[in-house]
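K.L.:
Quick one: the structure is below, questions incoming.
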Amino acid sequence: MLSFKHTGRFKELYVREGFTAVALGWFVMSVFGAIPFVLTREIPFYIDALFETISGFTTTGSSILSDVEALSYASLFWRSFTHWIGGMGVFVFIMAILPMMGGSTMNLMRAESPGPSVSKLVPRVRDTAKILYGLYMAITVLGVIMLCLCG
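First residue of the sequence shown: 1, per UniProt numbering; consecutive thereafter.
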């Protein structure tokens, strides 16, 4: 995937390698992310726990659980956390990969973006991702405060 030259520098990362890295990252996170469900015995079969975790990290919304509210607070938090991480990860992934896919996807981004120019996002994806994660964290903190105040 990523390989070093003899100079110790990374080779250029291509779109295919980017997709592979993200897919592998999601898979590895899901394999380890399923362990808490199995350890608590709330989802007894590993394959079911893996499905639930993949659903969270990829934000598909599918679930094997018929009564999510019956989970313990720890498992409910872990399940919610996988969705929280997955939600922002998918968005930043799309922002990083779409500009590399060519002109037709840039037209789609231009059509869907409210601002005057999407092309300014392309060279600054890292900066844009930092801003978005900051907003995501601020909204999360605000939500936690509101839940604590309102019960």
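In this text, a Cβ means the ideal position worked out from N, Cα and C, and glycines have one as well.
Mind the definition here: the stretch 65–77 touches the stretch 37–54 only if three or more C-beta pairs lie below 8 angstroms; say whether that holds.
P.N.:
Contact between the stretch 65–77 and the stretch 37–54 is present, because at least three Cβ pairs lie under 8 angstroms.
K.L.:
With burial defined as no fewer than 16 other Cβ atoms inside 10 Å of the residue's Cβ, what is the status of Thr53: buried or exposed?
P.N.:
With 16 or more Cβ atoms within 10 Å of its Cβ, Thr53 is classed as buried.
K.L.:
Does Leu65 come out as helix, strand or coil in the three-state DSSP assignment?
P.N.:
In the structure shown, Leu65 sits in coil (DSSP, three-state: anything other than H, G, I, E or B).
K.L.:
In the structure shown, what three-state DSSP assignment does Ser72 receive?
P.N.:
In the structure shown, Ser72 sits in coil (DSSP, three-state: anything other than H, G, I, E or B).
K.L.:
Secondary structure at Glu17, three-state DSSP: helix, strand or coil?
P.N.:
DSSP places Glu17 in helix when its eight states are reduced to three.
K.L.:
Between Thr59 and Trp26, which are expected to be in contact by the criterion C-beta below 8 angstroms, what is the C-beta distance as a whole number of angstroms?
P.N.:
That pair is no contact at about 11 angstroms.
K.L.:
To the nearest angstrom, report how far apart Ile35 and Phe51 are at their CA atoms.
P.N.:
Cα to Cα, Ile35 sits roughly 12 angstroms from Phe51.
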